[in-house]
Amino acid sequence: LLNNLLLTCACAMVLLGTLYPLLADALGLGKLSVGPPYFGTLFVVLMAPLVALLPFGPLTRWQREQASRPLAMLAPWAGLALAAGVLAWFTAPQGQLKAAFGVVGAAWVLFGTLRFIWTRRAAKGRKFTAEMLGMVLAHLGVAVFLSGALLVEGLSLQREVALAPGQQVQIGRYALHFDGLEELRGPNYVSDRANLQVFKDDAPVGMLHAEKRRYASGGQTLTEAAIRPGPLGDLYLALGEPLGNQAWAVRVHLKPFVRWIWLGALLMALGGLVTAADRRFRRSPEIQDG
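Numbering (UniProt numbering), first residue to last: 1 to 290.
Structure, rendered in structure tokens:
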């Protein structure tokens with residue numbers, strides 16, 4: 001019940017932060033902006049107790065449970081989660097605190113879910129229902145989402161440099177070599193496309209092509225970023241303005257584990273669908289005679 005209340009509060013606060021600037025502008029109260037500090041603080045304040053309580057839910061019997069039993073069951077797993085966080089603290093670049101917290105929270109939810117599966121399988125005469133499978137998927141989704149959100153926040157790298165053909169920029173384990181620029185013509189635009197070869201640990205792994213498009217209608221100039229996706233992180237490249245002498249401003253972003261955010265959300269949604277498919281929640285309408 002408390003977890004549902006925290007999730008409802010989180011949804012309400014996100015909705016408020018999204019709509020309040022629009023309502024204030026429509027009512028003539030001035031232009032306001034709600035940025036990352038608001039949502040970041042909201043995430044920590046509401047998600048921290050939610051994550052702390054999540055593993056207790058499956059192991060707690062409604063209205064007839066003492067706190068000592070689930071605490072005793074989860075205590076060793078809490079120690080393992082803290083150990084994982086300490087390991088992340090010492091191995092992450094520059095000892096990122098957010099990354100360590102993300103690992104602790106994700107490991108806590110993951111270990112708690114595994115403890116529930118173990119307990120359920122050990123109980124005689126008890127089977128896994130669709131409701132339980134959905135809950136497991138949703139809890140795993142929370143762990144994956146939490147890992148992605150805090151790891152990308154703590155480990156992201158960004159470089160803004162001036163590059164001329166033949167030069168390269170280093171970001172993390174990647175090096176991007178600027179091969180040159182070419183002009184392309186589209187249906188209604190002319191594009192300057194930068195071609196950069198990507199190396200990881202000195203081995204070539206592909207190409208990135210970022211564009212600066214000038215549209216004939218309206219005279220707009222838009223940037224088409226290049227993305228190299230991957231299960232452990234995405235590499236972004238955006239072409240800025242020309243700086244003269246064939247050099248261009250280039251922005252490079254490395255976002256580790258960013259796709260885990262979407263994977264976690266998909267697992268949570270899948271868990272909800274599986275739970276809704278449980279036959280106990282689908283009652284046939286009763287047919288009355290006469």
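Even glycine gets a Cβ: it sits at the ideal position worked out from N, Cα and C.
State the CB to CB distance for the pair residue i and residue j, rounded to an integer number of angstroms; the pair is presumed to be in contact (CB under 8 Å).
{"i": "A194", "j": "W248", "result": "6 Å"}
{"i": "L46", "j": "A72", "result": "With 8 Å as the limit, L46 and A72 do not qualify as a contact, their Cβ atoms being about 28 Å apart."}
{"i": "L16", "j": "P49", "result": "With 8 Å as the limit, L16 and P49 do not qualify as a contact, their Cβ atoms being about 19 Å apart."}
{"i": "L254", "j": "S156", "result": "7 Å"}
{"i": "R213", "j": "Y189", "result": "5 Å"}
{"i": "L176", "j": "V252", "result": "6 Å"}
{"i": "R228", "j": "L208", "result": "6 Å"}
{"i": "F116", "j": "P76", "result": "14 Å between Cβ atoms; not a contact."}
{"i": "L243", "j": "A162", "result": "5 Å"}
{"i": "L239", "j": "V250", "result": "6 Å"}
Buried or exposed: where does residue i fall if 16 or more other Cβ atoms within 10 Å of its Cβ makes it buried?
{"i": "A276", "result": "exposed"}
{"i": "V86", "result": "exposed"}
{"i": "P55", "result": "buried"}
{"i": "F145", "result": "buried"}
{"i": "G28", "result": "exposed"}
{"i": "A225", "result": "exposed"}
{"i": "S147", "result": "buried"}
{"i": "P26", "result": "A small fix is needed here, since residue 26 is Ala in this sequence, not Pro. Result: exposed."}
{"i": "V51", "result": "buried"}
{"i": "A210", "result": "buried"}
{"i": "P37", "result": "exposed"}
{"i": "L32", "result": "exposed"}
{"i": "T119", "result": "exposed"}
{"i": "G271", "result": "buried"}
{"i": "A12", "result": "exposed"}
{"i": "F101", "result": "buried"}
Please list, in chain order, all residues of the same chain as residue i whose beta carbon is under 8 Å from its beta carbon, the five residues on each side excluded.
{"i": "L80", "result": "A107, F111"}
{"i": "R279", "result": "A130"}
{"i": "residue 293", "result": "Residue numbering for the chain in the displayed model covers 1 to 290; residue 293 lies beyond these limits and cannot be assessed."}
{"i": "P204", "result": "Q197, V198"}
{"i": "residue 305", "result": "Not covered by the structure: residue 305. The range shown for the chain is 1 to 290."}
{"i": "T221", "result": "K212, R213, R214, Y215"}
What does a CB cutoff of less than 7 Å around residue i pick up in its chain, not counting 5 residues either side in sequence?
{"i": "A99", "result": "A88, A92, L150, L151, G154, L155"}
{"i": "V104", "result": "A81, L82, A84, G85"}
{"i": "Q167", "result": "F178"}
{"i": "H180", "result": "The amino acid at residue 180 is misidentified as His; the sequence shows Gly. P165, N195, listed in sequence order."}
{"i": "G233", "result": "L254, K255, P256, F257, V258"}
{"i": "G290", "result": "Caution is warranted here: a pLDDT of 44 is assigned to G290, below 50, making its placement in the model unreliable, and no coordinate value can be reported."}
{"i": "Q246", "result": "A164, P165"}
{"i": "P21", "result": "L32, S33, V34"}
If I measure Cβ to Cβ from residue i and keep anything under 6 Å in the same chain, skipping five residues before and after, which residues do I get?
{"i": "I287", "result": "Here I287 scores only 49 on pLDDT, less than 50, and its place in the model is too uncertain to base an answer on."}
{"i": "L133", "result": "V274"}
{"i": "A216", "result": "N188"}
Which residues share a DSSP beta bridge with residue i?
{"i": "L176", "result": "V169, V198"}
{"i": "A162", "result": "A249"}
{"i": "L157", "result": "L254"}
Contiguous beta strand (DSSP E) assignments of at least 3 residues, all confined to the stretch 178 to 261: 189 to 200, 203 to 215, 221 to 224, 226 to 228, 233 to 244, 247 to 256
Contained alpha helix (DSSP H) runs [length at least 4] in the stretch 35 to 118, N- to C-terminal order: 36 to 53, 56 to 59, 68 to 91
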